[in-house]
Structure formats: C-alpha cells, structure tokens
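In short: position in the sequence shown from 1, add 3, done, that's this note's numbering.
Single-structure report; data block below.
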Amino acid sequence: MHAAVTRAAGAREAIAAAAEIVGHKWTALILFELAEQPQRFRDLEHACEGISTRTLSERLRVLESADVVVRRSYPESPPRVEYELTAKGDALVPIVEEMRRFGGAWGF
Numbered sequence: 004m005h006a007a008v009t010r011a012a013g014a015r016e017a018i019a020a021a022a023e024i025v026g027h028k029w030t031a032l033i034l035f036e037l038a039e040q041p042q043r044f045r046d047l048e049h050a051c052e053g054i055s056t057r058t059l060s061e062r063l064r065v066l067e068s069a070d071v072v073v074r075r076s077y078p079e080s081p082p083r084v085e086y087e088l089t090a091k092g093d094a095l096v097p098i099v100e101e102m103r104r105f106g107g108a109w110g111f
C-alpha cells in the first residue's frame with residue numbers, strides 16, 4: 004500500500020508540474036506557434052491575437068527560465084531575436100496537440 008501511495012503522490016506532483024507550465028493563459032498557444040519553427044516576437048504577437056506585448060514578454064521569460072524556450076539573438080541590423088522550443092518544450096507539444104483535439108471535439 005505504501006508504494007501505491009508514493010506512486011500516486013509522485014504522479015500528482017508530475018501532473019502539477021506540467022500544468023504549472025502549460026496551464027497559464029496564452030502558454031499553450033505560444034507553444035503551439037513555436038512547434039513548427041522558431042518565431043520572432045512580433046510574429047508570435049500577431050499569431051496570438053489579443054495578447055498584450057507585456058504578457059507575451061512575461062510568458063516567454065517564464066518559459067525561458069523553465070528551459071522550455073530558448074531565445075536566440077542574431078547580430079544583424081536591425082537586431083533579430085527568435086524564440087525556439089528546447090527539447091523540453093518539444094516534449095510538451097503532444098500535450099498541446101491533445102488540448103487542440105479536445106477543444107475541437109467538444110466545441111470549445
């Protein structure tokens with residue numbers, strides 16, 4: 004019985020950790036947009052219609068600190084910055100894809 008309780012507690016912690024990343028407003032959409040290719044900030048801003056510049060900046064900063072997104076700067080004029088999923092971010096894409104399927108199937 005002790006092993007089952009420990010396993011359940013571990014599962015709850017793992018689910019909570021994943022939800023902490025994906026569960027914030029806009030995060031799943033940002034991940035969805037980055038799943039195919041790296042994106043510039045303004046492209047993400049246009050793709051995530053309705054998101055404020057401040058919110059997008061904050062979400063990207065949080066995803067960067069969680070090692071889900073990497074920010075790449077290119078020494079060009081004007082400077083170019085792109086955001087790309089890390090391996091950890093790529094691992095979240097199937098979750099986002101299932102969220103898309105669920106929303107489509109249930110009319111959200």
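Backbone N, C-alpha and C fix where the C-beta goes; we use that ideal spot for every residue, glycine too.
Shown here, Ser76 sits in a strand according to DSSP, grouped into three states.
Beyond the five residues adjoining it in sequence on each side, Val84 comes within less than 8 Å, by CB distance, of Arg43, Phe44, Arg74, Arg75, Ser76, Tyr77 in the same chain, given in chain order.
DSSP, reduced to helix, strand and coil, places Val84 within a strand of the structure shown.
By alpha-carbon distance to Val96, the top candidate from Glu52, Glu61, Arg57, Ile33 is Ile33. Per DSSP, the beta bridge partners of Arg43 are Glu85. According to the DSSP assignment, Ala108 belongs to the alpha helix (DSSP H) that extends over 90-108.
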